[in-house]
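Working notes for the structure below.
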Amino acid sequence: MTKASIRIALLCALAWLHPVHAASWDELQQAALRHYQAGEYAQAETQARAALALAEAGNAAALPHLANSLNLLALVRGAQGAPDEARLLLERALAVSEQALGAHPNTASLAHNLGSLLEAEGRLEAAAGHYARGLAILDGQPDAQRDQAGQTRLLQALERIHAALGQTAQAEAYARRQTSGEDGEAGGPLARARAQTQLALNLRAQGRRDEAARLLEQALALHETQDAPAELAQALATWRRCTARRACTSAPCPCTGGHWRSARRWTRRRPNWRCT
């Protein structure tokens, strides 16, 4: 479970609660978070356990604080090489959040965190269940409150898990959500182009070269509107692999289409960059 895959501050701003010992809990929790982010895990554990003790001594109104403390301590223990304890802490945090908040974005974040830990342990089916729960929660939020970045992370995770399990139809369904509609627009043009490229690779692996080539045409069109030469180079290389040895049945042939001319124009504008 890496820092990059976890939303560290997922429950840190619950000012609307009526907590017991709010100031002391918040002070301890913030200190634990600072130590964790600095890589000072022993100090982070001490502060996180103290914050957890205060949250456990509170009443029902403090349950979201309890979930927050359990989550942060789980992150610390995971970083210290104690995945079993981290998993138990996250399972408890998720259960507490479900009880206190129900289908709330914070509950979805905890489901994502637990899914990430289980995925790292190789427990893919269990991870998929938690990712799916998190996605269902976010899908059910009002448009104005929807965490689109969180949705994208969960869609990517579910696509990855189902592909690893050999469940190509499910993986493709999650991939297609990332390439169209609101989900496709959420991450911007580059994120959408990356999703299209990954889906094209999956289709190519299934022998569906025509579909793969069409998706890559769309991805390249998006890439060419962005000032990201490394991204364009990777997309061009992928497109070339997907169309290599492909029988050309239409004119103009996609294997000699305009994207290579675009790449040459790009290199003329940027002489220090080469398309390989």
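Residue numbering for the sequence shown is -22 to -1, 1 to 254, as defined by mature numbering (1 follows the signal peptide of the UniProt record, and there is no 0).
We treat Cβ as the ideally placed atom computed from N, Cα and C, and that holds for glycine.
Top-ranked residue by Cα proximity to residue i, from the options
| i | options | result |
| --- | --- | --- |
| V74 | A141, E63, L88 and A64 | L88 |
| S94 | Q123, Q196, A9 and E69 | E69 |
| R154 | A190, R55 and Y19 | A190 |
| E34 | A173, L44, Q184 and R101 | L44 |
| S158 | A147, R172, Q145 and L32 | R172 |
| R101 | L67, Q126 and I139 | I139 |
| E195 | G185, H13 and L179 | L179 |
| P83 | D121, D188 and L32 | D121 |
| T175 | A29, D117, L198 and G118 | L198 |
| H90 | H108, Y19 and A78 | H108 |
| L72 | R111, Q15 and G36 | R111 |
| L30 | A106, L6, G118 and L177 | L6 |
| T146 | Q119, L113, R186 and A114 | R186 |
| D4 | A40, G80 and G17 | A40 |
| Q119 | A105, E63 and G80 | G80 |
| S2 | N46, A106, A78 and L32 | L32 |
| S47 | A105, L11 and R192 | L11 |
Residues near residue i by beta carbon distance below 6 Å, same chain, minus five either side
| i | result |
| --- | --- |
| Y152 | L133, L136 and E137 |
| T141 | The sequence shown places Ala at residue 141, rather than the Thr named in the question. Result list for A141: A149, in chain order. |
| L181 | E189 and A190 |
| A229 | Residue placement at A229 is poorly supported in this model, since its pLDDT is 39, which falls under 50; the coordinates still yield a value, given next. Nothing listed; no residue qualifies. |
| L143 | L102 |
Spatial neighbours of residue i in its chain, beta-carbon cut-off 8 Å, leaving aside the 5 residues before and after
| i | result |
| --- | --- |
| R243 | Caution applies to R243, whose pLDDT of 47 falls short of 50 and renders its modelled position unreliable; the value that the coordinates give is listed next. Correct list: empty, nothing qualifies. |
| R65 | A52, L92, L95, L96 and E99 |
| L116 | P83, A86, R124, D125, G128, Q129 and L132 |
Own chain partners of residue i with C-beta closer than 7 Å, once the 5 adjacent residues on each side are dropped
| i | result |
| --- | --- |
| R27 | L51 |
| Y19 | V54, A57 and Q58 |
| H13 | Q21, A22 and Q25 |
Entirely enclosed alpha helix (DSSP H) segments - the region 10 to 70, minimum 4 residues: 19 to 34 and 41 to 57
Alpha helix (DSSP H) segments (min. 4 residues) lying fully within the region 123 to 187: 126 to 142, 146 to 157, 159 to 164 and 166 to 183
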